[in-house]
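Those sequence lines, one after another, are chains Z and H. Residues in the first sequence are numbered from 1 upward in steps of one, following UniProt numbering. Residues in the second sequence are numbered from 1 upward in steps of one, following UniProt numbering.
Number of protein chains: 2
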Amino acid sequence: MDKKLIGIDLGGTTIKFAILTTDGDVQQKWSIETNSLDEGRHIVPDIIESINHRISLYEMKQEDFIGIGMGTPGSVDIKKGTVVGAYNLNWTKKQNVKIQIEEATGIPFVLDNDANVAALGERWKGAGENNPDVVFITLGTGVGGGIIAEGNLLHGVNGCAGEIGHVTVDPGGFECTCGKRGCLETVSSATGVVRVARHMSEEYAGDSQLKQAIDDGQDVSSKDVFDYAQAEDAFALMVVDRVCYFLGLAVGNVSNTLNPSSVVIGGGVSAAGEFLRSRVQNYFEEFTFPEVRNSTQVKLAQLGNEAGVIGAASLALQFMEKV
Amino acid sequence: MDKKLIGIDLGGTTIKFAILTTDGDVQQKWSIETNSLDEGRHIVPDIIESINHRISLYEMKQEDFIGIGMGTPGSVDIKKGTVVGAYNLNWTKKQNVKIQIEEATGIPFVLDNDANVAALGERWKGAGENNPDVVFITLGTGVGGGIIAEGNLLHGVNGCAGEIGHVTVDPGGFECTCGKRGCLETVSSATGVVRVARHMSEEYAGDSQLKQAIDDGQDVSSKDVFDYAQAEDAFALMVVDRVCYFLGLAVGNVSNTLNPSSVVIGGGVSAAGEFLRSRVQNYFEEFTFPEVRNSTQVKLAQLGNEAGVIGAASLALQFMEKV
Chain Z
1 MDKKLIGIDL GGTTIKFAIL TTDGDVQQKW SIETNSLDEG RHIVPDIIES
51 INHRISLYEM KQEDFIGIGM GTPGSVDIKK GTVVGAYNLN WTKKQNVKIQ
101 IEEATGIPFV LDNDANVAAL GERWKGAGEN NPDVVFITLG TGVGGGIIAE
151 GNLLHGVNGC AGEIGHVTVD PGGFECTCGK RGCLETVSSA TGVVRVARHM
201 SEEYAGDSQL KQAIDDGQDV SSKDVFDYAQ AEDAFALMVV DRVCYFLGLA
251 VGNVSNTLNP SSVVIGGGVS AAGEFLRSRV QNYFEEFTFP EVRNSTQVKL
301 AQLGNEAGVI GAASLALQFM EKV
Chain H
1 MDKKLIGIDL GGTTIKFAIL TTDGDVQQKW SIETNSLDEG RHIVPDIIES
51 INHRISLYEM KQEDFIGIGM GTPGSVDIKK GTVVGAYNLN WTKKQNVKIQ
101 IEEATGIPFV LDNDANVAAL GERWKGAGEN NPDVVFITLG TGVGGGIIAE
151 GNLLHGVNGC AGEIGHVTVD PGGFECTCGK RGCLETVSSA TGVVRVARHM
201 SEEYAGDSQL KQAIDDGQDV SSKDVFDYAQ AEDAFALMVV DRVCYFLGLA
251 VGNVSNTLNP SSVVIGGGVS AAGEFLRSRV QNYFEEFTFP EVRNSTQVKL
301 AQLGNEAGVI GAASLALQFM EKV
């Protein structure tokens with residue numbers, strides 16, 4: 001039997017698992033609830049128990065696996081295999097994840113942060129088409145990202161490479177949770193889209209259902225903004241245009257800098273699909289020089305929820321090939 | 001005897017050569033004039049003759065060399081070792097550089113574009129301190145750059161990685177030779193600095209020697225702008241501040257994206273030294289998030305004219321290690 005990979009996507013609500021071939025085909029997948037009680041001390045034991053249970057359920061052995069990869073929130077120390085500051089897991093203190101999982105499963109383990117791991121997934125089996133240069137941007141509650149360049153996942157000197165959410169797109173703009181102003185995240189995350197809508201609604205005088213909903217104090221979401229825009233609400237279209245301007249500027253500049261074969265946009269906000277992508281594309285074209293404009297593609301993510309487990313398996317495969 | 005490297009820096013005026021150790025120490029260096037007559041057809045033969053002459057002069061043999069690296073203007077095909085569109089060499093048609101040089105010297109040859117090669121030089125033996133993640137920006141007639149990430153020189157899908165001169169820093173700003181607007185090059189190259197000065201002088205009403213020189217139709221250079229600013233000309237200080245704002249925005253965003261250990265600024269405009277660097281640093285701090293601000297350094301280039309030959313030797317060393 002060909003050796004297999006295990007991919008884990010550790011999230012605040014669920015922990016997703018998959019067993020994959022070295023070609024990236026998902027053979028088994030399952031998930032368990034994340035138990036973040038007691039400072040998250042049950043999480044690693046739960047992961048171990050779930051893996052060992054499934055391995056025996058499928059009548060497999062530890063020797064059947066090349067390695068386990070995992071994407072996690074928080075700050076990671078890749079070499080040591082530790083995580084700290086993953087607040088949605090209640091992991092405020094440093095967690096020795098790698099040592100515990102390797103000891104209890106007998107399988108080599110590697111981890112990285114969740115956005116980087118999702119980037120590896122979209123690059124391997126999704127929109128990135130396994131090209132050596134792919135940039136991934138995820139528009140969710142925040143804006144994260146990951147960069148693969150010349151086949152390598154980038155980390156930078158302090159692990160911050162790929163933090164495209166904190167690229168300054170609007171100097172002097174909205175204040176960000178990071179402490180500076182005008183970050184991409186402030187205008188293109190799910191909350192950012194709504195922030196832009198609220199801000200622009202103060203100036204907008206015309207007829208608009210979106211403006212009315214905001215003025216009425218309704219609980220407007222990013223999805224509402226895009227839904228109104230797709231229904232041709234003039235104000236909502238202005239809001240979407242503004243969001244796509246900032247996205248196009250950021251996507252354009254990361255492309256001017258790295259010239260990837262594709263910039264892949266994922267996350268909840270990207271559910272707006274081609275409606276969003278085509279508008280980002282227009283500004284991308286305005287903000288890139290010809291040689292980049294004609295070689296770098298702006299794409300939508302393709303793997304959805306599976307990007308995490310697939311990317312985690314890719315991480316394990318890459319890492320074990322290097323050692 | 002330990003094997004040596006040959007580095008070549010091919011420019012429009014001179015061709016610089018050096019023989020280096022594998023530690024990057026320059027043991028011999030020399031240069032010849034670039035003869036770009038007859039569509040530049042003498043250039044490659046001149047390079048070959050010069051190398052073979054020096055090798056015999058130093059009583060060395062082709063076996064004493066690991067390889068030859070070269071930085072060149074124009075568009076390069078790294079695999080084929082060809083160059084096209086190097087207009088300052090009159091190389092409008094494709095030149096088969098690699099084949100000719102390897103056949104005539106018997107030494108393996110590799111080339112890359114000059115900004116990438118200078119980046120390798122500054123990374124190896126200059127301000128980059130041989131770290132795996134270094135970004136280099138050169139402020140000359142144009143603005144070029146090169147990126148080393150996880151130890152690899154980046155190229156991107158179409159060879160445009162590192163073209164930081166065409167990052168959009170001023171949407172709707174000055175038109176660039178590339179066809180789009182607001183490129184870093186339009187406001188921070190030698191001509192860009194003067195462009196900013198001329199543009200701002202139209203609005204400036206106060207007393208200023210720089211403004212007077214511009215209004216008198218004098219031939220003001222980028223160096224003049226910095227000289228006036230260092231002499232505390234109020235208008236020149238405003239111009240320098242504007243230039244450093246754009247540089248700080250671009251350097252900040254490439255750092256938010258890649259988190260290199262350093263962004264190294266070189267080229268003619270960087271002759272303004274710490275006066276320039278400290279002002280770029282201030283805006284860099286405004287435009288980066290804390291984890292990047294505290295880990296990425298903004299530095300001045302250290303190798304000057306030697307960056308090209310040293311980087312070319314680094315290119316040869318890296319390339320030959322891979323094959």
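Heads up, the beta-carbon is just placed ideally off N, CA and C, and yes, glycines get one too.
Using a Cβ-Cβ cut-off of 8 angstroms, state whether residue i counts as contacting chain Z.
| i | result |
| --- | --- |
| residue 118 of chain H | no |
| residue 179 of chain H | yes |
| residue 270 of chain H | no |
| residue 224 of chain H | no |
| residue 108 of chain H | no |
Would residue i be called buried (16 or more neighbouring beta carbons within 10 Å of its own) or exposed?
| i | result |
| --- | --- |
| residue 261 of chain Z | buried |
| residue 228 of chain H | buried |
| residue 294 of chain H | exposed |
| residue 256 of chain H | buried |
| residue 275 of chain Z | exposed |
| residue 205 of chain Z | exposed |
| residue 188 of chain Z | buried |
| residue 305 of chain H | exposed |
| residue 270 of chain Z | buried |
| residue 278 of chain Z | exposed |
| residue 53 of chain H | exposed |
Is there at least one Cβ from chain H nearer than 8 angstroms to residue i's Cβ?
| i | result |
| --- | --- |
| residue 158 of chain Z | yes |
| residue 286 of chain Z | yes |
| residue 167 of chain Z | yes |
| residue 129 of chain Z | no |
| residue 274 of chain Z | no |
| residue 289 of chain Z | yes |
| residue 186 of chain Z | no |
| residue 149 of chain Z | yes |
| residue 292 of chain Z | yes |
| residue 252 of chain Z | yes |
| residue 133 of chain Z | yes |
| residue 152 of chain Z | yes |
Leaving out five residues on either side along the sequence, give the residues of the same chain with a beta carbon under 6 angstroms from the beta carbon of residue i.
| i | result |
| --- | --- |
| residue 225 of chain Z | 193, 197, 236, 239 |
| residue 319 of chain Z | 110 |
| residue 247 of chain H | 188, 280 |
| residue 210 of chain Z | 228, 233, 235, 236 |
What are the start and end residues of the beta strand (DSSP E) that includes residue i?
| i | result |
| --- | --- |
| residue 70 of chain Z | 65-72 |
| residue 29 of chain H | 26-33 |
| residue 18 of chain H | 14-20 |
| residue 4 of chain Z | 4-10 |
Among the residues of its own chain, which have a CB less than 8 angstroms from the CB of residue i, if the five just before and after it don't count?
| i | result |
| --- | --- |
| residue 215 of chain Z | 201 |
| residue 97 of chain H | 44, 70, 72, 81, 82, 83, 109, 111 |
| residue 14 of chain H | 31, 32, 33, 34 |
| residue 230 of chain H | 272, 275 |
| residue 93 of chain Z | 39, 84 |
| residue 176 of chain H | 166, 182, 183, 185, 186 |
Show which residues of chain H have a CB atom less than 9 angstroms away from the CB atom of residue i.
| i | result |
| --- | --- |
| residue 300 of chain Z | By Cβ distance, chain H contributes nothing, its closest Cβ being about 18 angstroms from residue 300 of chain Z, past 9 angstroms. |
| residue 260 of chain Z | 156, 157, 161 |
| residue 247 of chain Z | The contacting residues do not exist; residue 247 of chain Z stays about 13 angstroms from chain H at best. |
Residue range of the alpha helix (DSSP H) that residue i falls in?
| i | result |
| --- | --- |
| residue 186 of chain H | 185-188 |
| residue 214 of chain H | 209-215 |
| residue 257 of chain Z | 234-258 |
| residue 318 of chain Z | 307-322 |
| residue 280 of chain H | 274-287 |
| residue 114 of chain H | 114-125 |
| residue 297 of chain H | No alpha helix (DSSP H) holds residue 297 of chain H; the beta strand (DSSP E) holding it covers 297-300. |
| residue 98 of chain Z | 97-105 |
| residue 37 of chain Z | 37-40 |
At a CB-CB cut-off below 9 angstroms, which residues of chain Z make contact with residue i?
| i | result |
| --- | --- |
| residue 164 of chain H | 256, 257 |
| residue 174 of chain H | Result: empty, since nearest Cβ-Cβ is about 14 angstroms, beyond 9 angstroms. |
Name, please, each residue of chain H whose Cβ falls closer than 7 angstroms to the Cβ of residue i.
| i | result |
| --- | --- |
| residue 232 of chain Z | The contacting residues do not exist; residue 232 of chain Z stays about 26 angstroms from chain H at best. |
Under 8 angstroms Cβ-Cβ, which residues of chain H neighbour residue i?
| i | result |
| --- | --- |
| residue 324 of chain Z | Residue 324 of chain Z lies beyond the residue range present for chain Z, which begins at 1 and ends at 323; the question has no answer from this structure. |
| residue 45 of chain Z | In chain order: nothing, as chain H lies at least about 30 angstroms away. |
For a contact defined as C-beta to C-beta under 8 angstroms, what are the partners of residue i on chain Z?
| i | result |
| --- | --- |
| residue 282 of chain H | Correct list: empty, because the minimum Cβ distance to chain Z is about 13 angstroms. |
Could you work out which residues of chain Z lie near residue i, taking near to mean beta carbons separated by less than 7 angstroms?
| i | result |
| --- | --- |
| residue 73 of chain H | What residue 73 of chain H touches in chain Z: nothing, since even the nearest Cβ is about 15 angstroms away. |
Can you list, in chain order, the residues of its chain with a C-beta nearer than 7 angstroms to that of residue i? Leave out the 5 residues immediately preceding and following it.
| i | result |
| --- | --- |
| residue 125 of chain H | 24, 303, 310 |
| residue 250 of chain Z | 164, 167, 169, 184 |
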